[in-house]
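Inspection log for the structure reproduced underneath, given as structure tokens.
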Amino acid sequence: MSSRAIVFIIPVIVIAIFWLMARREARRNPDPTRKSFFERNGKALGIVFIALVAFWTLFLVALPYLYMVVESFHPALPPTKRGGPDDVLTVAQYSSFVINPIGDQVNWLHMKALVFSILVSMAVTFLNFCICYPLAFYMAQAGTAQKVRLLMLGLIVPYWVNEILRAFSLRLLLASKGLINQALMGIGITDAPIDFLGNNTGLYVGLSYAYLLVMMFPLYNAIESLDKNQIEAARDLGAPWWRIHWDVVIPYAKPGIASGCTMVFMLSVGSLAAPQFLGGPRVLWFTAIIYDFFFQSFNWPRGAAYAFIMLVVCIALVMGMLRLFKVSLGEAIK
Amino acid sequence: MSAGVELDHITVRFGDFTAVDNATLDIKGGEFFSFLGPSGCGKTTILRTVSGFLEPSEGRVRIGGQDMAGIGPNKRPTALIFQNLALFPLMSVAENISYGLRVRGAGKAERRRKADELLDLIALPGQGDKLVSELSGGQKQRVAIARALAVEPKVLLLDEPLSALDLKLRQHMRAELRAIQQKVGITFIYITHDQGEALTMSDRIAVMSDGVIQQVGDGKAVYDQPQTAFVASFVGENNPFPGTITRAENGYAVIETAFGPLRGRNPQGLAAGSRGILFVRPESLQLGQGSADATLSSTVTNVAFEGHMTHVYLNGQAKKEIIVTVGRLGGAAIPAPHTTTPISYDAELGLILPEGMLARE
Amino acid sequence: MSSRMIMRGMIGFYILLFFGYLFGPLVVMSITAFNTPSYPAAYPFEAFTLDWFVKLWNHRNMMDGLKNSIIIGIGVVAISVPVGLAASIIMSQIYHRARSLYYLITISPLLTPGVIIGISTVIFWRDVLSVTDVTRSMFYNGMVLTVLGQASFISAYCLLIFMARLTRFDRAQEEAALDLGASYPQVFWHILLPFLKPAVVSAIVIAFLTSFENYNTTTFAILADKTLVTVLAGEVRQGTTPALSALAVIIIAISVVGAVLYEVVKRREQMQAERAQRQAILAERGEVAAVA
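Residue numbers (full-length UniProt numbering), protein chains in the order written: chain G, 1 to 334; chain U, 1 to 361; chain X, 1 to 292.
Put into structure tokens, the structure is as follows:
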């Protein structure tokens, strides 16, 4: 258990750094209005606030994450052997992502699954941006207040139908006996039903459908605060409509766009319902592989290692994209 | 009931910036005292230091002779009226007024009685159950005053409370504030950048600039006997003529300006050879020739007729314009623009002060 | 003029298409809930039936799952709303440099895939709760772990809701209360909390609904237990029955009623505000008349 116990020390170090930072800043800019935290809130309330936040950030966020990372550096053992002499630190779970231990071959399957998940999620992100942008712009700038309220209402209602049921509804449409195939065959476009689920169309549509509104709201919020006069001014200066969007609206809404894209991308990569219920039988979605490690082969350390790989790759990608488009992380996650 | 406020060598610093520099002042109990100055001059910082939201970096604040060091705003015998009033929007008018009593543990009946009493004082009887959002600007103003008076403070601090009102209401509220102050008899400390407010309401005024108290005195003294170039140029309109003093004798001096040698009073006894500024107010200037050392001539640039008076603008020194105010009964013919005309003044009304910073327009 | 008409027509067509995409699948699903075939079909519509609602009502697993979902939702609200509130208040008082680190830590659960939150919750609490037999037998179960896992990211949602409201708080209100003699805790209870009340309400609603419909985290953290959503997932995986459509119809109906109610309340509030404004204008006029 000793290697696992290290996890509990790290937060202590982080808190110490945090405290030192606050102290240093307080000394650098002495501010006569400044009161200490306990003066500001009273002893009892101050302690309650700190206890709540400490419980959350330590026991619900930091420690479980760190613990998962440490677990991923352990072998998969039955419960009786955990903590025993076999329970040593190892990178076996990570190397298994590159070289499959069964058969000692390059693990193309899992690497392909990761790349596939990421590429599909990027495409879905872009697709959703294209679908949502016109409506977000219309609601934020062109529509009357009453219309906008009605449209908002229309957007919010489907949002509260959960992911599984939404996937289910798409399956009813896309299945080989579903409404779309019935219609296609009825008109005579095809004779045999098209296997939308088998060729992954279902997966793509399902991902896009599930996270449509996650893109919509940040876009709307960002465009809404743009001064209408700026658009008028651009139009007055003779800019064609596409230039107005390209030069005025999109640069202004960039933080909102980044926010929406980041959220949709992360949710899509981490999605479980769409690949499970709308993907073809041969689709290898990375989170589905992790799921199988947990529930089929009961190899938790390997699942943890794969989860960590996914997290690191995705965060690196998001950070890279944000840097490319010159948006700070703080702006993107508002 | 009232208490005096003593500022004893107060300095307030924010990092490298000195907001108030070594201010010493003695405000008497029951006085209506104003701090007058442009924005950023440190008057609000002084107010916050007196109310306890700021601790001075150096010096002491004493209220009623008692040192206030380390005593928080909720323990001081002061009440503050905020610039935006800061009424509590989720409470009714009566709840607002009696809030100070609530936190002191007063019972419901007592709170209600006090609220009704104060509503009578501010001429809003029976309006206690209204929401703050249902009141007019002037009514909100009065509720804020009542809320502050409810805790029976010894000193009432007012931070430009009239700035949000329109002109007519503002003038009306001035009289009302003064009346309330005389009725309750406590010390009022009033912060404003509006000299009209300061001059009409105050017993005494402290004029501030860049964190420094420039002059303290009643309205007439500040207007008629400014002690620094800043006060002369900030309080009321004034025409500055900078130059070098050539002669000084029994209370008068002659200063060599761009318009030649001009004469004026020399209350601070500036010696020949030192730099100074001659100030002559627009209403002290008249069109036409006067005595030789109190006459200058310049080109008219613009004439503005304002009904009860006429402003004549002439080319002045350093791109500034000279303003001459001519009353209706002045009788002199108003010159046309672009003509050159002599203007003059009574040397008694010219004032020579040491060179210093002027107020920005 | 005509190009404008074309533009308008295009916008209308696009909005139609968008909402068609959004609602189409839900409408089709709703129809299948009232159709007789046991394979959910919207066409051909054979006969109207309410059997599938009865089937749903008698579905033991789903009803158990629903009960668990509600209990978990309440647990998550009980943790996340106070945590989000406390975190937002600390956020508003913290020094600048330390704030960005604090922000990053508190917001990170929103960027972490739900799968990872679920996995890390299970792995961590399995070992922590196994330290003693008592804690293991009392707390190591799916309900507790799901509440903890969901609270981890739902608290961050609550934090954002409270932060948005706090930025509109007028600091002068706090100072006014202090100046009138209130202590800092009194300022919190009398001034700040009433101001935050609308945010508390929306945090409760959003926390509960987010918990209720969560799948990714729950599917790991729930262990051997079940929630409505995990039961649904199992049903969908096994095949399809119009009973699921019936459930969707109920959820949609509740959402629509909720949204309309919300709209009505909003409108009433707006009317109240308008009345207050009218009163203020009248008061203003009266006052000016009195001055003159």
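No residue lacks a Cβ here, since even glycine has one placed at the ideal position from N, Cα and C.
For this session: Report yes if the CB atom of M215 (chain G) is closer than 8 Å to the CB atom of G280 (chain G), and no otherwise.
Result: With a cutoff of 8 Å on beta-carbon distance, M215 (chain G) and G280 (chain G) are scored as not near each other.
For this session: Sort out for me which residues DSSP pairs I213 (chain U) with in a bridge.
Result: Paired residue(s): U:M208.
Exercise. Rounded to a whole number of angstroms, what is the C-alpha to C-alpha distance between V106 (chain G) and N216 (chain X)?
Worked result: For V106 (chain G) and N216 (chain X), the gap between their C-alpha atoms comes out near 30 Å.
Exercise. Which residue or residues does DSSP assign as beta-bridge partners of L353 (chain U)?
Worked result: U:I277, per the DSSP bridge assignment.
For this session: Closer than 7 Å by beta-carbon distance: list the chain G residues that pair up with Y95 (chain X), in chain order.
Result: One finds A22, E25 and A26 in chain G with Cβ atoms closer than 7 Å to the Cβ of Y95 (chain X), taken in chain order.
For this session: Indicate the three-state DSSP secondary structure (helix, strand or coil) for Y39 (chain X) in the structure shown.
Result: In this structure, Y39 (chain X) counts as coil in the three-state DSSP scheme.
Problem set entry | Any chain X beta carbon closer than 8 Å to S297 (chain G) | No, its Cβ sits nowhere closer than 8 Å to a Cβ of chain X.
Exercise. By Cβ distance below 6 Å, which residues in the same chain neighbour I81 (chain U) in space, the five residues on each side in sequence not counted?
Worked result: Answer for I81 (chain U): A144, A148, L158 and P161, listed in chain order.
Exercise. According to the Cβ coordinates, are G149 (chain X) and D225 (chain X) closer than 8 Å?
Worked result: No, the Cβ-Cβ distance between G149 (chain X) and D225 (chain X) is not below 8 Å.
Exercise. Name the residues in the region 97-110 of chain U whose C-beta lies less than 7 Å from a C-beta of chain X; which are they?
Worked result: From the region 97-110 of chain U, only Y99, G100, V103 and R104 have a Cβ closer than 7 Å to chain X.
Exercise. In chain order, what residues of the same chain have a beta carbon less than 6 Å from the beta carbon of F196 (chain G), not counting five sequence neighbours either side?
Worked result: Same-chain partners within the cutoff: L174 and G202.
Exercise. Mind checking Q272 (chain X): buried by the 16 CB within 10 Å criterion, or exposed?
Worked result: Residue environment: Q272 (chain X) is assigned as exposed (fewer than 16 neighbouring CB atoms within 10 Å of its CB, all protein chains considered).
Problem set entry | Alpha carbon of G59 (chain U) to alpha carbon of L25 (chain U), nearest angstrom | Their backbone Cα atoms lie some 12 Å apart in a straight line.
Exercise. Hey, M309 (chain U) and G288 (chain U): beta-carbon distance below 8 Å or not?
Worked result: Taking 8 Å as the Cβ cut-off, M309 (chain U) and G288 (chain U) do not qualify as a contacting pair.
For this session: Look at F23 (chain X) and N35 (chain X) and say whether their C-beta atoms are less than 8 Å apart.
Result: Cβ distance not < 8 Å, so F23 (chain X) and N35 (chain X) don't count as in contact.
Exercise. Does any C-beta atom of chain G lie closer than 8 Å to the C-beta of A280 (chain X)?
Worked result: Chain G contact via Cβ: absent.
For this session: Step through the CB atoms of chain G and report whether any lies within less than 8 Å of the CB of D127 (chain X).
Result: Yes - at least one Cβ of chain G is within 8 Å of the one on D127 (chain X).
Exercise. At a CB-CB cut-off below 7 Å, which residues of chain X make contact with E232 (chain G)?
Worked result: By Cβ distance, chain X contributes nothing, its closest Cβ being about 16 Å from E232 (chain G), past 7 Å.
Problem set entry | CA-to-CA distance, L124 (chain U) to P77 (chain U), given in whole angstroms | The alpha-carbon atoms of P77 (chain U) and L124 (chain U) are separated by roughly 26 Å.
Problem set entry | For L7 (chain U) and L119 (chain U), the rounded distance between their alpha carbons | In a straight line, the C-alpha of L119 (chain U) is about 33 Å away from that of L7 (chain U).
Exercise. Taking Cβ-Cβ distances below 7 Å as the criterion, which residues of the region 168-184 of chain U are in contact with chain X?
Worked result: Result list: K168, L169 and H172.
Exercise. Can you give, in chain order, each stretch of the alpha helix (DSSP H) that sits fully within the region 226-287 of chain X and has at least 4 residues?
Worked result: DSSP runs (the alpha helix (DSSP H)) wholly in the region 226-287 of chain X: 228-238.
For this session: Can you tell me which of the three DSSP states L314 (chain U) falls into?
Result: Here L314 (chain U) sits in strand by DSSP.
Problem set entry | Option in U:K320, U:R113, U:L177 and U:N302 with minimal Cα separation from V312 (chain U) | The shortest C-alpha separation from V312 (chain U) is found at U:N302.
Problem set entry | Other residues of its chain near Q93 (chain G): CB distance less than 6 Å, five sequence neighbours each side excluded | These residues qualify, in order along the chain: S72, P301, R302 and A305.
For this session: Could you name the residues of the region 65-88 of chain U whose beta carbon sits closer than 7 Å to any beta carbon of chain X, in the order they occur along the chain?
Result: Correct list: P73, N74, A79, L80, F82, N84, A86 and F88.
For this session: Compare the C-beta of S51 (chain U) against all C-beta atoms of chain X and say whether one is closer than 8 Å.
Result: Judged by the 8 Å Cβ criterion, S51 (chain U) is in contact with chain X.
Problem set entry | L209 (chain X) to S255 (chain X) span [Cα, whole Å] | When rounded, the distance between both Cα atoms is 11 Å.
Problem set entry | Interfacial residues, the region 98-113 of chain X to chain G, with Cβ spacing under 9 Å | Cβ contacts with chain G: A98, S100, L101, Y102, Y103, L104, I105, T106, I107, S108, P109, L110, L111, T112 and P113.
For this session: Tell me where the beta strand (DSSP E) around H9 (chain U) begins and ends.
Result: In the DSSP assignment, H9 (chain U) falls within the unbroken beta strand (DSSP E) covering V5 to F14.
For this session: Taking S136 (chain U) and A280 (chain X) to be in contact with their CB atoms under 8 Å, please state how far apart those CB atoms are, rounded to whole angstroms.
Result: Confirmed, Cβ separation roughly 6 Å.
For this session: Please report how far the alpha carbon of G72 (chain U) lies from the alpha carbon of A150 (chain U), in whole angstroms.
Result: Each residue's alpha carbon lies about 19 Å from the other.
Exercise. From M1 (chain G) to G239 (chain X), what does the alpha carbon distance come to, in whole angstroms?
Worked result: Note that M1 (chain G) scores 48 on pLDDT, short of 50, meaning its location in the model is unreliable; the coordinates nonetheless yield the value given after this. Taken atom to atom, the span from the alpha-carbon of M1 (chain G) to that of G239 (chain X) is near 44 Å.
For this session: Identify every run of the alpha helix (DSSP H) within the region 84-152 of chain X, keeping only runs that are complete inside it and at least 4 residues long; order them along the chain.
Result: As far as the region 84-152 of chain X is concerned, its whole alpha helix (DSSP H) runs of at least 4 residues are 96-111, 114-129 and 133-139.
Problem set entry | Cα-Cα separation between A3 (chain U) and I186 (chain U), rounded to whole angstroms | Their backbone Cα atoms lie some 7 Å apart in a straight line.
Problem set entry | Residues sharing a beta bridge with I343 (chain U), DSSP | Its beta-bridge partners are U:L287 and U:L296.
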